[in-house]
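A short write-up of the structure that comes next.
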Amino acid sequence: MVCLWAFLLFFIIMRTRLASELWPLIALLCLASLCCNLLLLTLDEYNYTIWYISRGIEVSSKLFVVSFLIYNIFQELQLSSKLAVHDVLTNIYNRRYFFNSVESLLSRPVVKDFCVMLVDINQFKRINAQWGHRVGDKVLVSIVDIIQQSIRPDDILARLEGEVFGLLFTELNSAQAKIIADRIRKNVELLTGFSNRYDVPEQMTISIGTVFSTGDTRNISLVMTEADKALREAKSEGGNKVIIHHI
């Protein structure tokens, strides 16, 4: 048995080079079994201390391997759960989470004032074409950071597609929604322009389409359609504008 475990350990190390997280664990089990068998060779009927030591090594190694595997499984599950609702590039919520949040809000027994904003980065396709996708990604991440600094911690920000972002606000009135939208627009223009804190190749601007509701509607299609209309209106007027629709 000693020779068998020694050969298996040598074969695993030489064949796999312990290239993944799994092979070191298998090698550890082989090493533990090898040590146990070596200790058992010295065992006689009057000395059971060695037997307990060998079994302790075997059990400890197995517990370690099982614990490590369980920990890795939970880490993978946590990562999968995060990726299911987060955008990989910007690390904010994705389209699925955003629409689920709006639907969840509209399904409440009592729906209070809320606001949905659609944010579009002006001239983003030209930026991508002129400067490349790496710079385009940097612009996206920079805009996201500016928006996050301009809103409240509990407000929902998500990347819906490409250069379009969605925001969901609750517990605010129409005037407050306008203030927040203007603050986001101005901060993007300022922080990518005069100060250029984010070191982007040129000043960026955004267009914001906003729909404000007092809670009378429970139709998500109506909410998103009105927000999209407001966004297209803001872009058609030259961009760098905030347009608000009420429903």
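Residue 1210 in my numbering sits at position 195 of the sequence shown, and the numbers go up by one each step. Where is the CB? At the ideal position from N, CA and C, for every residue including glycine. Computed from a predicted structure; not experimentally measured.
Terminal residues of the beta strand (DSSP E) in which residue i lies
i	result
residue 1184	1179-1185
Span of the alpha helix (DSSP H), counted from its first residue to its last, around residue i
i	result
residue 1225	Unbroken run through residue 1225 is the beta strand (DSSP E), 1221-1228; no alpha helix (DSSP H).
residue 1215	Premise fails: residue 1215 is in no alpha helix (DSSP H) and is neither H nor E.
residue 1234	Per DSSP, residue 1234 belongs to no alpha helix (DSSP H) and is neither H nor E.
residue 982	Since the first and last residues shown for the chain are 1016 and 1262, residue 982 lies out of range.
residue 1151	1148-1165
Three-state secondary structure assigned by DSSP to residue i
i	result
residue 1174	strand
residue 1262	coil
Residue environment, residue i, which counts as buried when at least 16 other CB atoms sit within 10 Å
i	result
residue 1161	buried
residue 963	Residue 963 is absent from the structure shown; the chain starts at 1016 and stops at 1262.
residue 1018	exposed
residue 1084	exposed
residue 1190	exposed
residue 1231	exposed
residue 1229	exposed
residue 1074	exposed
residue 1258	buried
residue 1199	buried
residue 1158	buried
residue 1261	exposed
residue 1295	For residue 1295 there is no data in the structure shown, the boundaries of the chain being 1016 and 1262.
residue 1070	exposed
residue 1154	buried
residue 1169	exposed
Near the ligand COA: residue i beta-carbon under 7 Å from a heavy atom
i	result
residue 1179	This structure simply doesn't include the ligand COA, nor any ligand for that matter.
Task: Uninterrupted alpha helix (DSSP H) stretches inside the segment 1061-1140 (no shorter than 4 residues) - done: The DSSP assignment places 1064-1100, 1110-1121 as complete runs of the alpha helix (DSSP H) inside the segment 1061-1140, in order along the chain (cut-off: 4 residues).
Open item on the list: Three or more C-beta pairs under 8 Å: does that hold for the segment 1102-1116 against the segment 1164-1184?
Closed with: A contact exists between the segment 1102-1116 and the segment 1164-1184.
- [ ] Taking 8 Å as the threshold, find out whether the segment 1127-1138 comes into contact with the segment 1209-1224 through three or more Cβ pairs.
- [x] yes
Task: Segment contact, 8 Å Cβ cut-off, at least three pairs: the segment 1071-1078 with the segment 1136-1146 - done: No, because fewer than three Cβ pairs between the segment 1071-1078 and the segment 1136-1146 fall closer than 8 Å, the two stretches do not touch.
Task: At least 3 beta-carbon pairs within less than 8 Å: the segment 1232-1246 vs the segment 1212-1220 - done: no
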